[in-house]
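Colleague: Handing you a structure now.
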Amino acid sequence: MLSREENEMLTRVGRGTPGGEMLRRYWWPVGFSQLITPKGPPSKVRLLGEDLVLFRDGAGRLGLLALHCSHRGTSLEFGRVEDSGIRCCYHGWLYDGAGHCIEQPAEPPDSTFKGRVQHPAYKVQEIAGFIFAYLGPDPAPLLPNYDLLLREDGERHIGAGHDYCNWLQRAENSVDQTHLVALHAPEYPHMALKRPLIGWERRPYGAKISMHVPGVTKPKFSHWIFPSHTRHTTARIGRVPDHAIRFRVPVDDTNTKTFWLRFYPYGESDKGKPLKIETVGFENDQPGVYQRVEDGWWGIASNDQDRVAQESQGPIYDRTKEHLGASDGGVIMLRAMVKESIDATLQGKDPIWTLRDPAQNRNIAFDASMEEIGALS
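133 is the number that our numbering gives to position 143 of the sequence shown; each next residue is one higher, with no gaps.
This is the structure we're talking about:
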């Protein structure tokens, strides 16, 4: 159980809040490379409570700027992307990807006014079909080179879905393996409502999590990557095994996006084939709308079971009312690490898993089980 003050500290993500300042020390996926085209329509993005606009200019350079024009506040979502930047639809101010105002059509030709306007701009990088953003202070840490972002010996599928709840609820689900034997019982009937043995081993990146049901399954492993990501394998009965990484992205205090990547390695007969990429894009999840099924334990389709569990806790779960048991060790560990990282940030130090050494960022691989079941979302 947390106090009301602790719950506020861990869940609020806005600029100037303890949790929000900590979360700004990380790179977050905000879009897909394939969908942001040169001089194509700009895309409105919301991250950590801030409204932004994402675009790619005519030279192929990405830009991520504050959404509202520095002139009189019109949304750049309705701007026109040109060779050198994005132009506001209201008075035609033109900004490059670094936030420099490079044209003000209505100002005198000899005016130096535009040189005194610096529009808020943020760092972006592309990898594996994702566009990542960094909203924190300089110097920015390295964008982690996770193994699945680099592999090219298979098929890579990427997409995203919307979760109508606070980011911490989604993160806590990632370290709560006991829900597999209840919530996901329809997918794993051999484990349904049996007592699993869970292990949480803290690692520099977060934690390695082991799980097995004595006499039913062998130990399976997954990885929780601080602050809110998972790396795992999934080999459900009757399905093709895949490697997966999921990024739980804090949109604002009451919304989260889950960006995901599934990687299917080529078999022996396909070795040497080029990488195949499929961008699924954004799934159209609606608040309070879930796919129902007539059979199964709960009457909820497998792809919506996690959403039902976390979203029905409320937009920001009131943790002053909970009762944690011995099986909730992962949740307790996660909250302690979030508090530790908030404290470090407040002291001017790097929070957990802030990468700055290129030698440690060449190819970050994880050991994972390819047994009958891996960790789910």
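Quick reminder that beta carbons are idealized off the backbone N, C-alpha and C, glycines included.
Candidates L38, D100 and S23: which alpha carbon is nearest G9's?
Modeller: Among L38, D100 and S23, the Cα nearest to that of G9 belongs to L38.
Colleague: Does the pairing of the segment 115 to 123 with the segment 140 to 149 give three or more beta-carbon distances under 8 Å?
Modeller: Yes: at least three Cβ pairs fall under 8 Å.
Colleague: Could you check how far apart the C-beta atoms of F249 and P19 are, in whole angstroms? I think they sit under 8 Å.
Modeller: Confirmed, Cβ separation roughly 4 Å.
Colleague: Looking at the unbroken beta strand (DSSP E) that takes in A118, where does it start and where does it end?
Modeller: Looking at the DSSP string, A118 is not in any beta strand (DSSP E), and its letter there is neither H nor E.
Colleague: Counting only runs that start and end within the segment 261 to 298, where is the beta strand (DSSP E) found for 3 or more residues in a row?
Modeller: Fully enclosed beta strand (DSSP E) runs of 3 or longer: 266 to 272.
Colleague: Tell whether a beta-carbon distance below 8 Å holds between G30 and R51.
Modeller: No, they are not a contact pair.
Colleague: Confirm, please, whether the CB-CB distance from S317 to T168 is below 8 Å.
Modeller: Yes, Cβ-Cβ distance for T168 and S317 is below 8 Å.
Colleague: Assuming S65 and I92 make a contact with CB atoms under 8 Å, what is their CB distance in whole Å?
Modeller: Incorrect: roughly 19 Å between the Cβ atoms, too far for contact.
Colleague: Alpha carbon to alpha carbon, what distance is there between L170 and E72?
Modeller: Distance between the alpha carbons of E72 and L170: 49 Å.
Colleague: Per DSSP, which residues does S302 bridge with? Please list them.
Modeller: Per DSSP, none; premise fails for S302.
Colleague: Taking DSSP's pairing of strands, which residues face E93 in a bridge?
Modeller: DSSP, once it has assigned bridges, lists L84 as partnering E93.
Colleague: Return the Cβ separation of I342 and F216 in integer angstroms, given the expectation that the two are a contact with Cβ distance under 8 Å.
Modeller: Yes, I342 and F216 are in contact; Cβ-Cβ is about 5 Å, under 8 Å.
Colleague: Locate the beta strand (DSSP E) running through P255, then write down its first and last residues.
Modeller: First-last of the beta strand (DSSP E) with P255: N245 to P255.
Colleague: Assuming L320 and D137 make a contact with CB atoms under 8 Å, what is their CB distance in whole Å?
Modeller: Per the sequence shown, residue 320 should be read as Gly rather than Leu. Contact doesn't hold; Cβ gap of about 23 Å is too wide.
Colleague: Can you round the beta-carbon distance between D242 and V3 to whole angstroms, since I take them to be within the 8 Å contact cut?
Modeller: Confirmed, about 6 Å.
Colleague: So is G228 buried or exposed if we call it buried at 16+ other beta carbons inside 10 Å?
Modeller: Because G228 sits at a pLDDT of 47, beneath the cut-off of 50, its placement in the model cannot be relied upon, and the point is left open.
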